[in-house]
Amino acid sequence: MDPTLAGALQALALVAALALSHRPLGDYLAHLLTSAKHLRVERGIYRLIGVNGDFDQTWMAYLRSVLAFSAASVLFLYAFQRLQNHLWLSLGFPAVGPATAWNTAASFVTNTNWQSYSGEATMGHLVQMAGLAVQNFLSAAVAIGVVAALIRGFHRNRTDRVGNLWVDLVRVTLRLLLPVSVVFAIVFVAAGMVENLHAAAQVTTLSGGGQSLPGGPVASQEVIKEFGTNGGGFYNANSAHPFENPNPFTNWLEIYLLLVISFSLPRTFGTMVGDRRQGYAIVAVMAVFWVGSASLLTFFEWQHNGTALQAAGAAMEGKEVRFGIAASTLFASSTTLTSTGAVDAAHDSLSPLGGGVTVFDMMLGEIAPGGTGSGLYGMLVLAVVAVFVAGLMVGRTPEYLGKKLGGREMKFASLYILTTPAIVLIGTGVAMTFRGERAAILNSGPHGFSEVLYAFTSAANNNGSAFAGLTVTSTWWNTALGLVMLFGRLLPMVFVLALAGSLARQQPVPATAGTLPTHRPLFVGMLSGVVLIVVGLTYFPALALGPLAEGLHR
Amino acid sequence: MTTPAVHPAEGPAHEAHRVSGGLLEPRQLLVSLPDAVRKLDPRVMFRNPVMFVVEIGSLLTTYSAIRHTSVFAWVITVWLWLTVVFANLAEAVAEGRGKAQAETLRRTKTEAVARRIVGPWRPGAGEVAEELIPAAGLTLGDHVLVEAGQLIPGDGDVVEGAASVDESAITGESAPVIRESGGDRSAVTGGTKVLSDRIVVKITSKPGETFIDRMIALVEGAARQKTPNEIALNILLAALTIVFLLAVVTLQPMATYAGAEQTIVVLVALLVALIPTTIGALLSAIGIAGMDRLVQRNVLAMSGRAVEAAGDVSTLLLDKTGTITFGNRQAADFTPVSGTEVNQLADAAQLSSLADETPEGRSIVVLAKEKYGLRARTQAEIGHAEWVEFTAQTRMSGADLHEDGTVRRIRKGAAGSVVTWVEENGGRPGEEIGALVEGISSAGGTPLVVAEHHSGEPARVLGVINLKDVVKHGIRERFEDLRLMGIRTVMITGDNPLTARAIADEAGVDDFLAEATPEDKMALIRQEQGGGKLVAMTGDGTNDAPALAQADVGVAMNTGTSAAKEAGNMVDLDSNPTKLIEIVEIGKQLLITRGALTTFSIANDVAKYFAIIPAMFASVYPGLKHLNIMALHSPTSAITSAIIFNALVIIGLIPLALRGVRYRPSSASALLRRNLGVYGVGGLIMPFAGIKLIDLVVQFVPGLH
């Protein structure tokens with residue numbers, strides 16, 4: 071088949087599949103997050119952890135739970151890695167070094183899944199299954215809980231209660247993430263993915279060379295890696311590894327899985343606030359950026375400058391021949407727009423402007439559609455900013471879904487939009503200042519700078535993909551990026567929950583003809599503009615020195 | 081500016097719509113310049129975070145320009161300082177407009193001397209001992225004596241006597257008004273002048289807190305506090321400023337790595353270009369000008385918060401009388417009974433009303449004249465007539481005309497009375513008249529029956545006059561506009577529900593509250609507010625005070641009691657209730673202006689990136705030349721042009737900030753579409769053209785090459 075046609079068909083099939091799941095999955099999540107009934111097994115869990123499942127928390131209590139849970143998870147994961155040589159299924163690997171263990175713990179708890187280690191050469195099966203994979207579920211569920219709290223803030227009136235983290239956490243994990251993971255793990259195994267507890271098998275190739283073939287419980291971990299927008303690969307090569315992503319079908323399915331929750335949550339939002347059109351407007355903005363990014367990236371990768379590229383027909387360096395350009399770029403833009411960070415191609419080898427697109431995707435703040443939960447709350451905070459400016463322009467104190475946006479609300483929204491750029495820019499600036507750290511850069515010139523910029527952007531936005539080429543195994547990089555991931559995850563959550571609390575307390579303003587409609591194309595355009603100008607353009611100077619400097623020729 | 085004599089609702093429907101302020105004279109900029117320079121004091125600038133950052137940046141570039149002097153560094157330094165000065169100028173001009181008015185007010189204050197009554201005062205005390213003290217020494221509860229020709233020394237209520245008072249000092253209206261003890265017209269304001277008679281006034285305000293004091297503070301902007309919306313917007317602007325500050329500060333290590341270390345001047349220029357200086361510079365001027373627009377319409381808002389709340393109002397409570405209808409009932413038409421010509425009825429009605437001095441009576445004379453061409457005859461013209469004046473007992477007026485020995489008696493009055501009169505004089509009113517009377521009553525009008533009696537014949541009924549509340553011309557269109565804006569109008573009236581409904585339908589209000597008591601009014605406000613709505617109302621009486629205080633926007637009439645004025649958060653010096661609608665529009669316009677300029681300011685950034693970034697880095701990464709899509713002459717001319725554009729845009733937008741953006745009542749969608757088009761898309765495109773044009777000039781400056 072003609073590769074262009076194949077790419078187009080894949081993309082269309084993806085859009086169709088996402089559109090089909092939007093409604094049922096979104097409504098199912100809405101039901102799950104609002105229902106008053108508990109399953110028996112859930113009641114058992116609540117008794118076990120000492121939680122009253124019918125008790126709603128204030129935003130403060132919700133936040134305390136999130137922070138305490140994250141802290142406990144980091145400590146647990148750190149200890150787990152440090153002690154792995156004493157546990158089963160360690161495959162003979164030694165304890166993970168302190169800096170790497172810290173970085174990895176922070177990384178998996180924050181849903182980033184930045185990996186400064188090579189999976190098949192560092193982690194035993196037990197740590198992978200009972201440590202890292204568990205966080206893949208829980209970190210996704212926590213973020214869905216936080217966005218649920220924000221939606222409740224919009225929907226509820228005159229209350230200081232925004233839900234119960236433990237209930238949200240348990241329900242999302244038990245009723246959504248686990249069952250879907252089981253079903254699709256079987257599909258993946260059927261499609262040829264590895265699923266065993268073997269250590270690496272040593273084989274002799276036909277040409278007489280030796281090769282190590284790593285086994286492992288891959289398929290079971292692969293689903294939640296995508297479905298929970300985690301992205302941490304079982305193997306170092308991530309989804310470019312044939313055992314982790316055997317064929318174009320699994321590749322397509324992985325893209326679908328990493329997009330599906332984030333593209334369905336706007337429906338949940340619309341359903342929960344009782345006005346589905348609001349959800350459609352949000353999903354439209356997400357779609358605009360996703361389509362734009364995928365098209366641009368594909369366009370840049372198809373352009374072939376230079377003799378080598380012309381001979382290959384396209385920029386094939388760093389891409390799997392099994393997948394080709396279109397499937398790789400679709401994967402790359404989807405993974406960078408969703409905070410997943412799984413890769414099926416080396417982003418470092420993308421064309422300069424193509425690489426720029428992937429960095430820019432992350433710079434937008436992982437909101438289009440963004441990570442599970444975190445994407446929607448990021449987009450809603452930007453919607454708050456857009457409504458504020460647009461609301462003034464229609465001559466009223468701005469209100470979104472009947473909730474007034476006053477000083478308090480704008481304070482939290484402003485802090486939210488301030489946080490991630492601050493972390494990325496300060497991190498990159500500091501790294502570029504210290505000569506010693508810069509030595510970790512593989513390439514010189516703008517490409518080397520892009521590698522550093524990519525690393526901090528990826529960590530702060532909890533994406534986790536990497537522009538390989540930067541050696542990040544040093545203590546400095548491990549520590550710095552670990553901190554960046556934690557700040558980039560938890561600070562925004564603080565502001566989102568505070569915003570939820572102050573919205574929930576309000577008495578709603580009834581909508582009239584004088585109320586700004588937030589479901590029309592005009593607002594979709596305005597919100598897209600705010601995302602692009604207020605968030606994206608902040609990084610324009612940095613982008614100019616990296617991807618743009620490299621990609622624009624005389 | 082004085083208020084137009086025509087009430088807005090009566091004026092041509094479309095001219096009245098546009099809310100606009102005074103024009104800006106170029107001279108004002110010059111006059112305010114010293115004030116603008118004085119505001120450079122960092123302690124003052126600190127209140128405006130965006131411009132404070134620009135000032136710090138200007139200091140840095142000045143230092144840098146002194147150390148490494150170059151034409152470019154100095155040009156940028158000068159324009160950065162100008163940016164700060166222009167921002168201060170905007171504020172100074174806005175404040176300056178109130179200053180002159182404050183001066184006049186202050187003069188009335190200093191001149192006044194009070195004749196304070198010594199010892200306790202009792203009603204009807206007659207001659208009392210008094211002492212002369214400066215007006216500023218008066219305190220709560222003092223009683224003062226004021227006679228013709230004297231200034232009233234402080235705010236208070238008349239407790240004895242009545243006087244005509246010249247209130248032009250505060251209202252600008254030269255016609256005197258009557259102030260008398262008791263009732264709803266007892267309040268007097270310090271600084272106004274008694275023209276006749278003698279009154280005793282009980283002082284109701286503390287020294288330094290009188291109405292005039294508050295007015296002075298308001299028009300000068302001294303008491304100005306940031307409004308909730310302004311605070312929220314300031315937070316957003318501060319956040320954007322910090323983001324850009326970080327972007328610029330961290331750019332240096334990145335640039336150093338690239339081998340293109342930047343000078344302080346360039347970095348500051350980039351920062352100033354990116355932070356939202358346009359809105360930051362004009363924000364406070366917009367707020368002051370908004371208050372000023374109200375002052376120009378003779379409305380005093382006690383706080384900026386009230387003005388903002390006016391923009392948010394979703395329910396307007398409007399008193400029927402004075403707002404929706406003229407103050408009194410007027411004759412609307414004559415309906416004769418069968419067998420009577422309408423002209424005959426009109427003639428009889430007019431004759432019978434010549435002796436009726438009530439407004440209703442006069443309106444009958446006028447209607448007969450205007451509609452049927454019957455000249456109003458004076459009583460003297462018809463010499464041989466006996467006039468029967470209207471009394472509450474007879475409820476009839478009329479005339480007995482002596483013509484050639486016969487007497488023609490005409491009566492007009494309440495249906496029951498006239499019908500009885502007809503019967504007493506041998507006539508039979510018939511069923512027809514009953515139906516007519518019924519019809520008018522059920523439509524909310526007041527029927528007056530006209531009858532005549534020629535001596536020797538039985539009396540007969542001629543027809544009916546329909547007296548009704550006349551709805552002000554153009555008010556219906558006003559309400560339609562309000563509906564477009566999403567505002568519900570509720571008419572408040574003491575009339576019975578039947579009458580109220582008829583008027584409500586005619587005026588096009590959304591709802592009405594009939595037979596309203598102050599308690600009903602209060603309950604209605606509470607109910608609306610309970611549903612999350614903001615309510616605005618006008619009132620003047622003491623019994624309106626609780627409702628005025630409860631409403632989110634309470635506009636007290638200046639003619640009202642001090643209790644009412646104290647309770648409301650705005651006072652209309654013209655005492656024109658229709659102005660409430662204008663107040664809402666001004667509130668909206670204020671918010672729209674802020675939003676529009678914020679959008680404009682943010683959209684401007686795109687072009688500035690394209691001007692400055694290639695200028696900074698094209699020397700090391702030549703590919704970045706492609707970003708110079710404006711084809712600016714050189715790196716220095718590009719940066720200079722962006723900074724000059726940034727400064728000039730502030731000056732260019734001062735008139736808009738003072739006047740407010742164009743506002744026509746329309747739905748939120750329509751408003752957003754328009755403002756997003758003009759200020760969003762316009763803000764995106766305009767700087768490309770502006771910077772290019774400036775570059776075409778700047779490139780010829782020697783030293784900027």
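Chains as they are written, first to last, in this note's numbering: chain A, 71 to 624; chain B, 81 to 785.
Glycine residues also receive a C-beta, built at the ideal position from the N, C-alpha and C atoms.
- [ ] Below 7 Å between beta carbons is the criterion; list the residues of the segment 578–591 of chain A that meet it against any residue of chain B, in chain order.
- [x] So the list reads 578, 579, 580, 582, 583, 584, 585, 586, 587, 590, given in the order they occur along the chain.
Task: residue 649/B - DSSP class collapsed to helix/strand/coil - done: Reduced to three states, the DSSP call for residue 649/B is coil.
TODO: State the Cα-Cα distance for the pair residue 775/B and residue 343/B, rounded to the nearest angstrom.
DONE: Taking the straight line from one Cα to the other gives about 21 Å.
Open item on the list: Here's the rule I'm using: 16 or more other beta-carbon atoms within 10 Å means buried, otherwise exposed. How should residue 658/B be labelled?
Closed with: Looking at its Cβ environment, which holds 16 or more other Cβ atoms inside 10 Å, residue 658/B is buried.
TODO: Please confirm if residue 85/B has its CB atom under 7 Å from at least one CB of chain A.
DONE: With a pLDDT of 37 at residue 85/B, under the threshold of 50, the modelled position of that residue is not reliable, and the figure given next carries that caveat. Cβ-Cβ to chain A under 7 Å: no for residue 85/B.
Open item on the list: Which of the three DSSP states is assigned to residue 466/B in this structure?
Closed with: In the displayed model, residue 466/B falls within a strand according to three-state DSSP.
TODO: Please classify residue 406/B: does DSSP put it in a helix, a strand, or coil?
DONE: In the displayed model, residue 406/B falls within a strand according to three-state DSSP.
Task: Residues that residue 351/B bridges to, as DSSP identifies them - done: Looking at the DSSP output, residue 351/B shares a beta bridge with no other residue.
Open item on the list: With H, G and I counted as helix, E and B as strand and the rest as coil, what does DSSP make of residue 101/B?
Closed with: Its pLDDT being 46, under 50, residue 101/B is placed unreliably in this model, and the coordinates cannot settle the point.
Task: Proximity to residue 391/A [Cα-Cα], best of 514/A, 311/A, 272/A, 365/A - done: Of the candidates 514/A, 311/A, 272/A, 365/A, the residue whose Cα lies closest to the Cα of residue 391/A is 311/A.
- [ ] Measure the CB-CB distance between residue 455/A and residue 483/A and report whether it falls below 7 Å.
- [x] Contact check for residue 455/A against residue 483/A passes: the beta carbons are separated by less than 7 Å.
TODO: Whole angstroms is fine: what's the gap from residue 713/B's alpha carbon to residue 452/A's?
DONE: The straight-line gap from Cα to Cα measures roughly 37 Å.
Open item on the list: From the DSSP secondary-structure annotation, give me the bridge partner or partners of residue 246/B.
Closed with: Residue 246/B is bridged to 273/B.
TODO: Could you name each continuous alpha helix (DSSP H) segment of 4 residues or more that falls completely within the segment 307–349 of chain B, going from the start of the chain to the end?
DONE: Complete alpha helix (DSSP H) runs here, min 4: 308–329, 331–338.
Task: Residue from 297/A, 299/A, 298/A, 292/A with nearest C-alpha to residue 309/A - done: Among 297/A, 299/A, 298/A, 292/A, the Cα nearest to that of residue 309/A is on 292/A.
Task: Contacts of residue 614/A in chain B (Cβ-Cβ under 9 Å) - done: 689, 693, 694, 696, 697, 701, 704, 707, listed in chain order.
- [ ] List the endpoints of the continuous alpha helix (DSSP H) containing residue 609/B.
- [x] Looking at the DSSP string, the run of the alpha helix (DSSP H) that includes residue 609/B is 598–610.
Task: Same chain, Cβ closer than 6 Å to residue 681/B, neighbours up to 5 away in sequence not counted - done: Once the five neighbours on either side are set aside, the close Cβ partners of residue 681/B are 356, 358, 359.
Open item on the list: In the DSSP assignment, the beta strand (DSSP E) including residue 280/B goes from what residue to what residue?
Closed with: Here the beta strand (DSSP E) through residue 280/B covers 278–283.
TODO: Answer with buried or exposed for residue 72/A, where buried requires no fewer than 16 other C-beta atoms within 10 angstroms of its C-beta.
DONE: Its Cβ having fewer than 16 others within 10 Å, residue 72/A is exposed.
Task: Classification of residue 607/B by the beta-carbon crowding that lies within 10 angstroms, buried from 16 upward - done: Exposed, since its Cβ has fewer than 16 Cβ neighbours within 10 Å.
Task: Whether residue 558/B touches residue 661/B by CB criterion (7 Å) - done: Between residue 558/B and residue 661/B, the CB-CB gap stays under 7 Å.
Task: Integer Cβ distance of residue 685/B from residue 603/A, believed to fall under 8 Å - done: Right, the Cβ-Cβ distance comes to about 6 Å (below 8 Å), so this counts as a contact.
Open item on the list: For a test of the three-state rule: what should DSSP assign to residue 718/B, helix, strand or coil?
Closed with: Helix.
Task: Residue range of the unbroken beta strand (DSSP E) whose run includes residue 571/B - done: Annotation for residue 571/B: the continuous beta strand (DSSP E) segment containing it runs 568–572.
Task: Best match in 673/B, 353/B, 724/B for proximity to residue 734/B [C-alpha to C-alpha] - done: The residue from 673/B, 353/B, 724/B with its alpha-carbon nearest to that of residue 734/B is 673/B.
Open item on the list: DSSP has residue 64/B in a bridge; who is on the other side?
Closed with: This structure cannot settle anything about residue 64/B, because the visible part of chain B is limited to 81 through 785.
Task: Start-to-end residues for the alpha helix (DSSP H) that takes in residue 321/A - done: Run containing residue 321/A: 318–343, per the alpha helix (DSSP H) assignment.
TODO: Note down, in chain order, every chain B residue with its Cβ under 8 Å from the Cβ of residue 229/A.
DONE: Within chain B, no residue comes near residue 229/A; the closest Cβ sits about 15 Å away, beyond 8 Å.
- [ ] Report buried or exposed for residue 107/A, applying the criterion of at least 16 other Cβ atoms within 10 angstroms of its Cβ.
- [x] In this structure residue 107/A is exposed. Its beta-carbon is surrounded by fewer than 16 other beta-carbon atoms within 10 angstroms.
Task: Contact with chain A by residue 334/B, beta-carbon distance below 7 Å - done: A Cβ of chain A is located within less than 7 Å of the beta carbon of residue 334/B.
- [ ] Let me know if residue 174/A comes out buried or exposed under the rule of 16 or more other beta-carbons within 10 Å of its beta-carbon.
- [x] With 16 or more other Cβ atoms within 10 Å, it is buried.
TODO: Can you grab the Cα-Cα spacing for the pair residue 163/A / residue 90/A, in whole Å?
DONE: Distance from the CA atom of residue 163/A to the CA atom of residue 90/A, rounded to whole angstroms, is 44 Å.
- [ ] Please classify residue 577/A: is it buried, with 16 or more other beta-carbons within 10 angstroms of its beta-carbon, or exposed?
- [x] Exposed, because fewer than 16 other Cβ atoms sit within 10 Å of the Cβ of residue 577/A.
- [ ] Rounded to whole angstroms, what's the CA-CA distance from residue 88/A to residue 169/A? Just pull it up for me.
- [x] Approximately 39 Å, taken between the alpha carbons.
TODO: Measure the CB-CB distance between residue 417/B and residue 512/B and report whether it falls below 7 Å.
DONE: Residue 417/B places its beta carbon less than 7 Å from that of residue 512/B.
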